[in-house]
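Here the structure comes first, spelled out in structure tokens, and everything after it is commentary.
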Amino acid sequence: MRENVEENKILHELSFSSTRSLLRKHQMEISKLKEIKEKLEREFAINNEESNALQQEPHQIKDDIQYLNDRYQAMMEQLQTLGLDPKCFAASVRDLQIENSKLKEVCKIECNKKEVLHEKSKDMDELLIENAFMEFSLSRLNDELDGLRAIVMKF
25 MRENVEENKI LHELSFSSTR SLLRKHQMEI SKLKEIKEKL EREFAINNEE
75 SNALQQEPHQ IKDDIQYLND RYQAMMEQLQ TLGLDPKCFA ASVRDLQIEN
125 SKLKEVCKIE CNKKEVLHEK SKDMDELLIE NAFMEFSLSR LNDELDGLRA
175 IVMKF
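Count along the sequence shown from 1, add 24, and you get the number used in this note's numbering.
Rendered as structure tokens:
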């Protein structure tokens with residue numbers, strides 16, 4: 025009988041230990057499942073926000089298109105009020121753009137010419153300075169030559 029009691033005690037301890045181990049395992053699984061649930065809830069919230077944003081986008085685009093169409097119509101009405109044909113107006117704008125490009129090219133050419141003239145002017149200034157120095161040197165040499173002639177005449 026004592027053996028049975030001992031055996032029951034050992035079996036009870038094993039059963040208790042096994043139950044405790046199983047309980048810990050289940051608690052860990054529950055904890056992991058809670059984490060997964062929270063992660064899924066966050067992802068769902070993000071996906072829901074993205075979905076709402078994507079649903080709003082077509083409405084915004086539609087509103088933008090309507091706004092642009094309204095502005096276009098208003099511009100066409102203004103052109104007609106001024107007595108301008110919108111088709112001719114577009115051609116006039118293109119002509120003005122072409123003329124503007126030509127004028128920019130002419131301006132660029134003129135700027136290049138101006139730069140060349142500026143460089144020539146700088147070269148002329150350098151030549152004038154050099155010429156003045158040579159004239160001064162020539163004058164000094166002429167004075168020296170006159171002095172030497174005077175000395176030669178004395179002899």
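The beta carbon of each residue, even a glycine, is placed where N, CA and C say it ideally should be.
message: Let's see if you can read the secondary structure: which residues bound the alpha helix (DSSP H) around Met-100?
response: 26-105
message: Here's a check: name, in chain order, each residue in its chain whose Cβ is nearer than 7 Å to the Cβ of Ser-163, leaving out the five neighbours to either side.
response: none
query: Near Leu-92, which residues of its chain fall below 8 Å by C-beta distance, leaving aside the five closest residues on each side in sequence?
result: none
Cβ-Cβ separation, Pro-110 to Leu-120 (assumed contact under 8 Å), whole Å: Going by Cβ atoms, the distance from Leu-120 to Pro-110 rounds to 15 Å, so no, they are not a contact pair.
message: Tell me which residue opens and which closes the alpha helix (DSSP H) that Phe-157 is part of.
response: 110-178
query: What's the C-alpha gap between Ile-89 and Glu-101?
result: 18 Å
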